[in-house]
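Using numbering that gives the first Met the number 0, the letters of the sequence shown map in sequence onto residues 0 to 147. Beta carbons: idealized from backbone N, C-alpha and C, even for Gly.
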Amino acid sequence: MNNENQKCCKPQNNAIEDIGKAMDSIKLTVGGMVQSAGNMIAPHFPAVDIIDNFDGYIINIDLPGISKENVSLECSDHALVIKATRIDEEETKSAGYIKRERGVSTAYRRIELPEDADRDNLEAELVNGVLRIDIPKKEMSVRKIDLK
0 MNNENQKCCK PQNNAIEDIG KAMDSIKLTV GGMVQSAGNM IAPHFPAVDI
50 IDNFDGYIIN IDLPGISKEN VSLECSDHAL VIKATRIDEE ETKSAGYIKR
100 ERGVSTAYRR IELPEDADRD NLEAELVNGV LRIDIPKKEM SVRKIDLK
């Protein structure tokens, strides 16, 4: 095979390779930004257990190290939204940190509620790092249908 055939058949500007290099560059840039900003950019999605019992629903959410003053619950017609922030009050300047990722973290969960959930009578309690939300079930009305 002569040099001209090799030149002709060898891709000088391989588009797939260029795209791969560009994506690697983006990953490095964005990854560095996220890493340097800590958890403020990417919220944590805490573990959730949802239990359906006869009387209602129980939702348990792991929120270790978060005080109840830093937890927000919002309930709409269709969903329950939980937002929480853990703030480490410790002074960081005098502590001599080289890198610190645990100073502030955010948690976020959106949970779709079933139609029979009584959104007006929710109760919530934060104990030992676990948020427990009790949601009673609405009494479903039964209507008798007369036959024609």
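Only residues of its own chain outside the window of five on either side were considered, and among them I58 have a CB closer than 6 Å to the CB of I49, listed in chain order. R109 counts as exposed, since fewer than 16 other C-beta atoms from the protein chains shown sit within 10 angstroms of its C-beta.
When the beta-carbon positions are compared, L130 and V70 come within less than 8 Å of each other. For D51, the enclosing beta strand (DSSP E) stretches over residues 47-51.
In terms of Cα proximity to S66, the closest of F44, I86, E73 is I86. In terms of Cβ geometry, D119 and K136 do not form a close pair [threshold 8 Å]. Rounded to whole angstroms, the separation of the alpha carbons of K82 and D61 is 12 Å. Ranked by Cα distance from I134, the options E111, I144, N127, K143 are led by E111. In the displayed model, N127 falls within coil according to three-state DSSP, outside both helix and strand.
Put simply, the backbone Cα of G95 is about 42 Å away from that of C74.
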